[in-house]
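Asks:
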DNA sequence: GATTCTATCTCGCTG
DNA sequence: CAGCGAGGTAGAATC
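Here is the structure:
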C-alpha cells in the first residue's frame with residue numbers, strides 16, 4: 002500500500018500548485034513550534050492541506066486537529082531523508098509545522114468549488130434582535146437606546162433606560178452563563194457609573210437562557226440582575 | 002467521476018461498520034439543528050467521519066469545519082431520494098447533522114492506528130511550574146502556599162504570602178491578557194477579602210507576558226498588580 | 001496590525 | 001452529569 006516517496010511528493014506538490022485541496026493519509030511524526038511547541042510521535046493520521054494555506058492533522062479521535070496551521074500559511078513538500086516531509090510556515094507570529102511521513106497510504110487531490118454561505122440561527126445576534134423588537138421581554142418600560150455603546154471597559158451589548166429613567170446595561174448570552182459573564186457585565190456597569198458624573202443610577206441586567214449557581218451568587222453580590230430569555234428558533 | 006449512489010453508500014457504511022476513518026468528497030447540502038441551527042447550500046466539501054463518532058465538514062477555506070458533530074455521535078448512511086445521505090445524531094444536547102450528496106467524487110476508508118500522545122510545552126501549567134520553582138520571579142519574598150486554592154468565586158492559580166505577611170493571589174496567563182483576565186483576578190481577590198474575617202490584606206497579581214492598555218487601566222482601577230513573565234521554552 | 005468578544009466553541013478536570 | 005477555566009483557541013468586527 003506504500004508508495005514511492007518521490008512520486009508521492011510530486012503528487013502532493015502538483016495539487017498544491019493547482020490550488021486544489023490535498024489530503025495525505027499515512028504514518029507520520031509531527032513537530033510544531035510557535036506560540037507554544039509540541040511533539041507527536043509516529044501514528045496514522047489524515048493531513049488536509051487547503052488552497053487557502055490551512056493545514057489540519059487529524060487522528061482517529063476528536064473534533065480538534067491534533068496539530069494545524071491557520072489559513073495564510075505556505076506549504077512546501079520536500080523529500081527529507083527519503084521521507085515525504087511537509088513544511089508549513091507563517092509569520093506574525095512565526096510558526097512552523099513539520100510532518101514526516103514514514104509511509105503514505107493515500108494521496109488525494111480535490112478541485113473545490115463552493116459558492117454557498119453558511120446561514121446560522123440561534124446566535125447572540127438573533128437574541129439581540131429579539132430584545133430590540135420586544136424590549137418588554139427584558140422588563141416592562143425598558144427602552145433600548147443604543148447597541149454596542151462604548152465604555153472605558155468595552156462595548157455594551159444593549160444600552161437603554163428603564164421606566165424610572167435609570168440607565169440600563171444589558172449583557173446578552175445565547176446560552177447558560179457562568180461567572181465570566183457576570184464579571185463582564187460588572188465591568189461595564191462599573192465603567193458607566195464612573196463615567197456618569199451626575200447621580201444617575203446604572204442597572205446591569207444579564208439576559209440569557211439560564212445561569213449557574215456561582216454566577217447567580219456573584220450577580221447578587223454585585224447588585225446585578227438576571228432575566229431568563231432564549232435566542233429565537 | 003460520479004459513482005453509483007447505492008454502491009457509494011455501501012462503501013461508506015462498510016467503513017463505519019469496520020471502525021475505520023471514512024472520508025467523502027463531493028457536492029452536498031448540509032443541515033444542522035441543535036444548540037443553534039444552520040443551513041448550507043450546495044458546494045464541494047470534504048466530509049470526515051471518525052470511528053469515535055466525530056463528523057467534520059470542511060470547505061476549501063478555514064481552520065474550522067463549516068459544520069460538525071462532536072465525538073460520541075451515531076452516524077448512519079442512507080439513500081434518500083437517490084442521494085447519499087449521512088445522518089448523524091447525539092443526545093444531551095439533542096443535535097442532528099444531515100448531509101445530502103448530489104454527487105460523490107471519492108470515498109476513502111482508512112484503518113487508523115495511533116498510540117502516540119501529543120506533548121505540548123509553553124502552556125499555563127509550564128508557567129506555573131516556573132513560578133513555583135522561582136517565586137522571586139513574581140516578587141522578592143513571595144512564598145507560594147497552594148495551587149488551585151478554592152474560593153467562593155473559583156480556584157486561584159497560586160495562593161501565597163508576600164514578605165510582609167499579606168495574602169497574595171496570582172493569576173497566570175500564558176499570553177498577553179485583556180480585560181477578561183483582570184475580571185477573573187478581581188473576582189478571586191474580592192472573594193478572598195470577603196472570606197478573610199480578620200483584617201488581612203489581599204493583593205492580586207496578574208502574571209503574563211504582557212497586558213493590553215484597557216486591561217492595564219482596569220488593573221489600576223481595581224488596585225491590582227501586573228508582573229511580566231513568559232512561559233518557559 | 002492590535003484589541004475585543006463570540007462560539008453549535010472544544011477539551012480536560014473536578015465535584 | 002454539570003460547572004469551571006484553558007486554548008497554539010479561531011473568526012469577526014472595529015479601531
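Residue numbers (the numbering used here), protein chains in the order written: chain A, 2 to 234; chain B, 2 to 234.
We treat Cβ as the ideally placed atom computed from N, Cα and C, and that holds for glycine.
1) Relative to the C-alpha of residue 60(B), which residue among 44(A), 91(A), 24(A) is closest?
2) Which residues in chain B sit within 9 Å of residue 122(A), going by Cβ to Cβ distance?
3) Does the beta carbon of residue 26(A) sit closer than 8 Å to a beta carbon anywhere in chain B?
4) To which residues of the same chain is residue 158(A) closer than 6 Å at the C-beta, ignoring the five residues directly before and after it?
5) Threshold first: 4 residues or longer. Then list the alpha helix (DSSP H) segments lying entirely within the region 100-186 of chain B, N to C.
6) Tell me which residue opens and which closes the alpha helix (DSSP H) that residue 14(A) is part of.
7) Who are the neighbours of residue 111(B) on chain A, taking C-beta pairs under 8 Å?
8) Which residues, in order along the region 194-208 of chain A, keep a beta-carbon less than 9 Å from a beta-carbon of chain B?
9) Identify each residue in the region 61-88 of chain B for which the Cβ-Cβ distance to at least one residue of chain A is less than 9 Å, and report them in chain order.
10) At a Cβ threshold of 8 Å, is residue 100(B) touching chain A?
11) Compute the Euclidean distance between the alpha carbons of residue 32(B) and residue 40(B), then round it to the nearest angstrom.
12) For the region 154-167 of chain B, enumerate the residues whose C-beta is nearer than 8 Å to any C-beta of chain A, in chain order.
13) Apart from the five residues on each side of it in sequence, which residues of its chain come closer than 7 Å, Cβ to Cβ, to residue 47(A)?
14) If you run the structure through DSSP and keep just helix, strand and coil, what is residue 2(A)?
15) Roughly how many angstroms separate the alpha carbons of residue 128(A) and residue 38(B), rounded to a whole number?
16) Whose Cβ in chain A lies nearer than 7 Å to the Cβ of residue 119(B)?
17) From the DSSP secondary-structure annotation, give me the bridge partner or partners of residue 33(A).
18) Examine chain B for any beta-carbon lying closer than 8 Å to the beta-carbon of residue 142(A), and answer yes or no.
19) Is residue 131(B) near the ligand HEM, in the sense that its beta carbon is under 7 Å from a heavy atom of that ligand?
20) In angstroms, rounded to a whole number, what distance separates the CA positions of residue 91(A) and residue 169(B)?
21) With burial defined as no fewer than 16 other Cβ atoms inside 10 Å of the residue's Cβ, what is the status of residue 202(B): buried or exposed?
22) Among 219(B), 199(B), 112(B), 77(B), which one has its Cα closest to the Cα of residue 54(B)?
23) Measuring only the C-alpha atoms, how far is residue 186(A) from residue 125(A)?
24) What residue from 57(A), 82(A), 30(A), 113(A) has the CA that sits closest to residue 19(A)'s CA?
25) Below 8 Å, how does it come out for the region 66-83 of chain B and the region 146-165 of chain A: are there three or more Cβ pairs, yes or no?
26) Given a cut-off of 8 Å on the beta-carbon distance, is the pair residue 226(B) and residue 220(B) in contact?
27) Per DSSP, residue 84(A) is paired with what?
28) Strictly below 8 Å CB to CB, what residues from chain A border residue 184(B)?
29) Relative to the alpha-carbon of residue 45(B), which residue among 80(B), 106(B), 139(B) has its alpha-carbon at the smallest distance?
30) Applying the criterion that 16 or more other CB atoms from any shown protein chain within 10 Å of the CB defines a buried residue, is residue 167(B) buried or exposed?
31) Whose C-beta lies closer than 7 Å to the C-beta of residue 137(A) among residues of the same chain, with five residues either side of it excluded?
32) Where residue 122(A) and residue 35(B) are concerned, what is the direct C-alpha to C-alpha distance, given to the nearest angstrom?
33) From the DSSP output, read off the bridge partner residues of residue 229(A).
34) Which same chain residues end up closer than 6 Å to residue 2(A) when comparing Cβ atoms and leaving out the 5 residues on each side of it in sequence?
35) Between which two residues does the alpha helix (DSSP H) containing residue 215(B) stretch?
Replies: In brief:
1) 24(A)
2) 37, 38, 39, 40
3) It does; some Cβ of chain B falls within 8 Å.
4) 171, 172, 173
5) 125-134
6) 6-18
7) 26, 45, 47, 106, 107
8) Of all residues in the region 194-208 of chain A, 195 have a Cβ within less than 9 Å of some Cβ in chain B.
9) 61, 62, 63, 64, 66, 67, 68, 69, 70, 71, 72
10) no
11) 5 Å
12) 154, 155
13) 24, 26, 59
14) Per-residue confidence for residue 2(A) stands at a pLDDT of 47, beneath the threshold of 50, marking its modelled position as unreliable; the derived number appears in the next sentence. Coil, per DSSP.
15) 14 Å
16) 39, 41, 67
17) 39(A), 98(A)
18) no
19) This structure simply doesn't include the ligand HEM, nor any ligand for that matter.
20) Looking at the two C-alpha atoms, the distance is approximately 39 Å.
21) exposed
22) Nearest option by C-alpha distance: 77(B).
23) Distance between residue 186(A) and residue 125(A), taken at the CA atoms: about 15 Å.
24) Each of 57(A), 82(A), 30(A), 113(A) was checked against the Cα of residue 19(A), and the nearest Cα belongs to 113(A).
25) no
26) Residue 226(B) is a Cβ neighbour of residue 220(B), given a cutoff of 8 Å.
27) 81(A)
28) 181, 184, 185, 187, 188
29) 106(B)
30) exposed
31) Contacts found: 143.
32) 10 Å
33) 209(A)
34) Summary for residue 2(A): the model assigns pLDDT 47, below 50, so the residue's position carries little reliability, and this model does not support an answer.
35) Its alpha helix (DSSP H) spans residues 214-223.
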